[in-house]
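Engineer: Numbering (the numbering used here), first residue to last: 9 to 260.
Glycine included, each C-beta is placed from N, C-alpha and C at the ideal position.
Keep in mind that this is a model prediction, so the values were computed, not measured.
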Ligand SMILES: Cc1ncc(COP(=O)(O)O)c(C=O)c1O
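1) Can you have a look at residue 221 and say buried or exposed, based on whether 16 or more other CB atoms are within 10 angstroms of its CB?
2) I need the straight-line Cα distance from residue 8 to residue 13, nearest angstrom please.
3) Roughly how many whole angstroms lie between the Cα atoms of residue 212 and residue 218?
4) How is residue 218 classed by DSSP in three states: helix, strand or coil?
5) Beta-carbon separation of residue 117 and residue 147 under 8 Å?
6) Could you check the C-alpha separation between residue 68 and residue 11 for me, to the nearest Å?
7) Use the C-beta contact count for residue 185: other C-beta atoms within 10 angstroms, 16 or more gives buried, fewer gives exposed.
8) For residue 158, collect the residues of the same chain with a Cβ closer than 8 Å to its Cβ; drop the 5 residues on either side in sequence, then sort them by chain order.
9) When you compare only the Cα positions, how much space is there between residue 216 and residue 155?
10) Can you list the alpha helix (DSSP H) stretches of 4 or more residues lying completely in the region 64–147, in chain order?
11) Can residue 47 be considered in contact with ligand 1, in the sense that its beta carbon sits closer than 7 Å to one or more heavy atoms?
12) Measure the alpha-carbon distance for residue 64 versus residue 107 and round it to whole angstroms.
13) Considering Cα atoms alone, identify which of 225, 161, 109 and 151 is closest to residue 138.
14) Quick one: give me the first and last residue of the alpha helix (DSSP H) that residue 204 is part of.
15) Using a Cβ-Cβ cutoff of less than 7 Å, which residues in the same chain neighbour residue 236 once the five nearest sequence positions on both sides are dropped?
16) Cβ atoms of residue 246 and residue 30: under 8 Å apart, would you say?
17) Express the C-alpha separation of residue 85 and residue 113 in angstroms, rounding to a whole number.
18) Ends of the alpha helix (DSSP H) at residue 172?
19) Taking DSSP as the reference, what is the three-state secondary structure of residue 260?
20) Among 73, 42, 59 and 72, whose alpha-carbon lies nearest the alpha-carbon of residue 233?
21) Give me the DSSP bridge partner(s) of residue 153.
22) Among all the DSSP beta bridges, which residues are the ones paired with residue 44?
23) Let me see if you follow: with CB-CB separation under 8 Å, is residue 210 close to chain E or not?
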């Protein structure tokens, strides 16, 4: 059968290519002592998530609670970071608690005090604690706490006894607006500088940071080599579609 014989629309995935991409980036991450918790929203396949585990993924980042539940139901994920999920209503929180009940570590991303107050209040009812990281806005301007407000934000978060601070993360999605590998590197360096400043300030104030993370495929190579980060959350890297190739360093 020729590829042109398939009915359309049809998604065809080159699994050998997927494995090649995973091998390259997971082995590089291992060399630099970094964890990759892949963003699942790119592929939404438990089949591919399982392959990612083979290469060393011991956690995943999700874009929706549906994705999280599939990874838990299929016993693929032991750790889940809720990437783009706002847990701001009782139903979402109850879905998160169901996941926790199954022995999975859930790390929330928080950038809003009202949402934090709601979650903390609900957790008190169940006498449960959850880990969270603070989302930092490093240039995308879609979500996240502004770097200069992080210390103040965290001092206000201290009143929430059921939320445990474990780190800071960012998503430099604005990198997709640049056109050359050199410009990608400039974005990666700027984001890293901002995150580095945030980390130094928080460390000076006595905060412990288990997770300092960033997530984007164009910046991935730079991020893996960057001592600022402990965790990386790329999604597209699994496919490295040709439309991204012009953004990647020539050495890849
Ligand atoms: C919050 C978050 N983290 C990570 C990623 C993964 O980035 P990329 O698609 O560049 O791999 C995305 C993708 O949009 C995202 O929204």
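Structural biologist: Short version:
1) With 16 or more other Cβ atoms within 10 Å, it is buried.
2) Since the first residue of the chain shown is 9 and the last is 260, residue 8 is not available in this structure.
3) Rounded to the nearest angstrom, the two C-alpha atoms are 15 Å apart.
4) It is coil, neither helix nor strand.
5) Taking a C-beta distance under 8 Å as the contact criterion, residue 117 and residue 147 do not qualify as a contact pair.
6) In this structure, the alpha-carbon of residue 68 lies about 32 Å from that of residue 11.
7) Residue 185 comes out exposed.
8) Excluding sequence neighbours, residue 158 sits near 142, 144, 176, 206, 209 and 210.
9) Distance between residue 216 and residue 155, taken at the CA atoms: about 17 Å.
10) Correct list: 73–81, 98–109 and 121–134.
11) Answer for residue 47: yes, Cβ within range of ligand 1.
12) Rounded to the nearest angstrom, the two C-alpha atoms are 22 Å apart.
13) Looking only at 225, 161, 109 and 151, the smallest Cα-Cα distance to residue 138 is reached by 109.
14) DSSP places residue 204 inside the alpha helix (DSSP H), whose first and last residues are 189–212.
15) These residues qualify, in order along the chain: 200, 203, 204, 207 and 220.
16) The answer is yes: Cβ separation under 8 Å.
17) Roughly 9 Å separates the two Cα atoms.
18) Run containing residue 172: none in the alpha helix (DSSP H); it sits in the beta strand (DSSP E), 171–178.
19) Note that residue 260 scores 47 on pLDDT, short of 50, meaning its location in the model is unreliable and no value can be drawn from it.
20) Nearest to residue 233 by C-alpha distance, out of 73, 42, 59 and 72, is 42.
21) Note: residue 153 sits in a beta bridge opposite 144.
22) Paired residue(s): 240.
23) Absent from the structure: chain E. Only one protein chain is present.
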